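Engineer:
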Amino acid sequence: MIILGIETSCDETSVSIVKASKEKIELLSNVVSSQIKIHAKWGGVVPNLAAREHLKNIIPVFKKSLDKANVKKDNIDLISVTQGPGLIPALLVGTNFAKTLSYIWKKPLLGIHHIEGHIYANFIGNKNLKSISKKLSKLPSNKAGTKFPILSLVVSGGHTQLILMKDHLKYEIIGETQDDAVGEAFDKVARILGLTYPGGPALAQHAKKWKSSKIQKVDKIKQLRLPRPMLHSQDFNFSFSGLKTAVLYRMQDLQKTSENKKQLIAKMSHEFQSAAIEVLVKKTIRAAQKYSPKTILLAGGVSANKELQEQLKNAIEREIPDSKFQVPNPKFCVDNAAMIATAGYFRWKNMSKKEKEKSLSNWKDLQADAGLKLS
Ligand code: KG4
Ligand code: ZN
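Going by our numbering, the first residue of the sequence shown is number 2, and it counts up by one from there.
#1: When DSSP builds the beta bridges, which residues end up paired with Ala21?
#2: Is Glu260 buried or exposed, if buried means 16 or more other CB atoms sit within 10 Å of its CB?
#3: Using CA coordinates, which residue listed in Leu79, Ser81, His114 is at the minimum distance from Gly372?
#4: When you compare each of Asn76, Pro228, Ser376, Asp236 to Ala289 by their alpha carbons, which one comes out closest?
#5: For the ligand ZN, list every residue whose C-beta falls under 6 Å from any of its heavy atoms, going in chain order.
#6: Look at the Cβ atom of Lys171, then the Cβ atom of Leu361, and state whether they are nearer than 9 Å.
#7: Quick one: measure Cβ to Cβ for Phe326 and Leu313, integer angstroms, because I've assumed they're closer than 8 Å.
#8: Whole angstroms is fine: what's the gap from Val282's alpha carbon to Ala70's?
#9: Can Lys307 be considered in contact with the ligand KG4, in the sense that its beta carbon sits closer than 8 Å to one or more heavy atoms?
#10: Do Ala205 and the ligand KG4 come close, with the Cβ less than 8 Å from some heavy atom?
#11: Would you report the Cα separation of Val303 and Val156, rounded to the nearest angstrom?
#12: Grab the span of the alpha helix (DSSP H) containing Ile105 for me, first residue to last.
#13: Does the distance between the C-beta of Phe241 and the nearest non-hydrogen atom of the ligand KG4 fall short of 8 Å?
#14: Buried or exposed: Ile278, going by 16 or more other Cβ atoms within 10 Å of its Cβ?
#15: Specify the secondary structure class of Asn306 as computed by DSSP and reduced to three states.
#16: Which of the three DSSP states, helix, strand or coil, is assigned to Thr246?
#17: Do Leu211 and Lys268 have their CB atoms nearer than 9 Å?
#18: For the region 175-185 against the region 157-164, do three or more pairs of beta-carbon atoms, one drawn from each stretch, fall closer than 8 Å, so that the two count as touching?
#19: Where do the N-terminal and C-terminal ends of the beta strand (DSSP E) with Ser326 fall, by residue?
#20: Reducing DSSP to helix, strand and coil, say where Gln84 ends up.
#21: Quick one: residues in its chain with C-beta nearer than 6 Å to the C-beta of Ser81, no 5 flanking neighbours on either side, listed in chain order?
#22: Please determine whether the Cβ atom of Ser15 lies at a distance below 8 Å from any heavy atom of the ligand KG4.
#23: The alpha helix (DSSP H) with His115 in it runs from where to where?
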């Protein structure tokens, strides 16, 4: 079946078409229009500006996506849209567009939880696996079959959760952040360090510079050790707000004495990233030891972080060798509509005939929901 996916929960306007069957999820198109440049000067996403841009972009992005996939209205079997969570002015643009299409085209409509989309990004066909870095291309793809139970480490700008799935669409949140999401912490720390928006990728680059550069050898910044919040707590929860504040105070101190600002930023980026990753990896491994998942997945924007991918992969190979590790293709780590279309397929497959018929009239009452819960 052919599914049209729509995503507008934050600052990417995206429309995608996927062809889904039992064998594989094939990507026909995935058009993403990013608003990074617009929000960069504000240092973060401004909800009303995001909505204005989504309104401007949604129709051209939709048209381009249909053209690229070379499909027409009659080929489409299902419309799948991000219902929440996210920024309400942004979500409203996507959901209203999807409702209008569903009504005019007389096609079934499903509202999808954004995090469900991120998890199902791992199920998008493997024809693009070549573009994954050499080391990671050795990872098992879905061709090998993703087996349950699955443990997902969800790391995005709004979420940090460990989710256990005993079957498709069955979620048990076994741990989550008590304050900031890890992506949010990356963005805020990047801001403290004066890096460009979006902070996560910029900070990761500076951390990499530190790791690989010779400046380490002439390091004059001694004793830079940030806390590893909740590392030893017996639950599977996280906390990143204290870590961010620790960076703020350490920078205020070190800036007074440090001669080399660039070196300080690189080292602080590296230390922050190491602290965040250490906690994420340790808690995931501990949860895996308790729940014995057959597959461990990374999901959400921060899953694009190569250091996190590497460290988690190494820890799993070392400590839980019976579990397989999967990461989405890089272009499906950050927000995109292909993951929403893919999740829509799995939802659809799980519905009764009656529920499927009912979804033809979802355009009447589907509501964008900024605080939608995963269920
Ligand atoms: O999933 P996503 O695109 O949007 C939300 O659902 O929030 O995630 C965006 C988050 C941002 O906080 C961004 O800084 C972070 O993902 N991010 C990264 C990297 N790429 C994106 N964080 C660390 N390292 C990266 N390479
Ligand atoms: Zn996201």
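No residue lacks a Cβ here, since even glycine has one placed at the ideal position from N, Cα and C.
Predicted model, so just to flag it, every value in this text is computed and none were measured.
Structural biologist: To lay it out plainly:
#1: According to DSSP, which records beta bridges pairwise, Ala21 is partnered with Ile26.
#2: That one is exposed.
#3: Ranking the options by Cα distance to Gly372, first place goes to His114.
#4: Ranked by Cα distance from Ala289, the options Asn76, Pro228, Ser376, Asp236 are led by Asp236.
#5: The set of residues with any CB-heavy atom separation to the ligand ZN below 6 Å comprises, in chain order, His115, His119, Ser157, Gly301, Gly302, Asp336.
#6: Their beta carbons are not under 9 Å apart, which means Lys171 does not touch Leu361 by this criterion.
#7: Their Cβ separation, rounded to whole angstroms, is 7 Å, which keeps Phe326 and Leu313 in contact under 8 Å.
#8: Those two C-alpha atoms are separated by around 38 Å.
#9: Under cutoff, so the answer is yes.
#10: At least one heavy atom of the ligand KG4 is nearer than 8 Å to the Cβ of Ala205, so yes.
#11: Between Val303 and Val156, the C-alpha separation is close to 5 Å.
#12: In the DSSP assignment, Ile105 falls within the alpha helix (DSSP H) that extends over 89-106.
#13: When distances are taken from the beta-carbon of Phe241 to the heavy atoms of the ligand KG4, even the shortest one reaches 8 Å or more.
#14: Ile278 comes out buried.
#15: Asn306 sits in coil when the DSSP states are folded into three classes, being neither helix nor strand.
#16: In the structure shown, Thr246 sits in a helix (DSSP, three-state: H, G or I).
#17: Note that residue 211 corresponds to Trp in the displayed sequence, not to Leu. A contact, by the Cβ cut-off of 9 Å.
#18: When C-beta atoms of the region 175-185 are compared with those of the region 157-164, three or more pairs fall below 8 Å, so the two segments count as touching.
#19: Looking at the sequence shown, residue 326 is not Ser but Phe. Start and end: 325-327.
#20: Strand, per DSSP.
#21: Result list for Ser81: Ile4, Gly6, Leu111, Ile113, Ile341, Ala342, Gly345, in chain order.
#22: No, since every heavy atom of the ligand KG4 falls outside the 8 Å radius drawn around the Cβ of Ser15.
#23: His115 -> alpha helix (DSSP H) spans 115-121.
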